[in-house]
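Chemist: Under full-length UniProt numbering, the sequence shown has 94 at position 94, and the numbering climbs by one with no breaks. Every residue, glycine too, gets a C-beta built ideally from N, C-alpha and C.
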Amino acid sequence: MRLGDLADVVRSKNAGVHYVTVDVLFHDYATFEAVRDAEVLSAATVADRYGLPVEDVRFFVYEPGLAFKATFPREHVAGGPGDPDLYGAQQHAPLLAVEVPVDTADP
Numbered sequence: 001m002r003l004g005d006l007a008d009v010v011r012s013k014n015a016g017v018h019y020v021t022v023d024v025l026f027h028d029y030a031t032f033e034a035v036r037d038a039e040v041l042s043a044a045t046v047a048d049r050y051g052l053p054v055e056d057v058r059f060f061v062y063e064p065g066l067a068f069k070a071t072f073p074r075e076h077v078a079g080g081p082g083d084p085d086l087y088g089a090q091q092h093a094p095l096l097a098v099e100v101p102v103d104t105a106d107p
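Right, dumping it as structure tokens:
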């Protein structure tokens, strides 16, 4: 099942002018746990999806908030020449299609 179908919220935004942060949030512990235990969402996954070296990705699992967070450098400075997304609000899209090997989810 796709991460975008399992998560309640997948969003991105600027973290200053040089970084983007992506949040993945779940409504219930069972779904969060299934994604966490599948080990398909990690710094390596984010690096692969965005074409970055893994060492450029800061990745956090925040269990009390049923959330994952990744922060990484923007390709272009926010608002600078060549920047296609001033607010970084569309940068979460590559993570929506991450496949999570779960049979069922009860969001």
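From Val58 to Thr45, what distance separates their C-alpha atoms?
Modeler: Here residue 58 is Arg; the residue named in the question, Val, does not match the sequence. Cα-Cα distance, rounded: 12 Å.
Chemist: Mapping DSSP to helix, strand and coil, what is Val22?
Modeler: strand
Chemist: Do Lys69 and Thr31 have their C-beta atoms closer together than 8 Å?
Modeler: no
Chemist: Could you check what DSSP says for Val46 in three-state terms: helix, strand or coil?
Modeler: helix
Chemist: At the level of alpha carbons, what is the spacing between Val35 and Val98?
Modeler: 10 Å
Chemist: Could you tell me if Val77 is buried or exposed, where buried requires 16 or more neighbouring beta carbons within 10 angstroms of its beta carbon?
Modeler: exposed
Chemist: Ordered along the chain, which non-local residues of its own chain (more than five positions away) have a Cβ less than 8 Å from that of Ala89?
Modeler: Arg11, Ser12 and Lys13
Chemist: Are the CB atoms of Ala15 and Val100 nearer to each other than 8 Å?
Modeler: no
Chemist: CA-CA distance, Gln51 and Tyr29?
Modeler: Correcting the residue type first, residue 51 is Gly in the shown sequence and not Gln. The straight-line gap from Cα to Cα measures roughly 30 Å.
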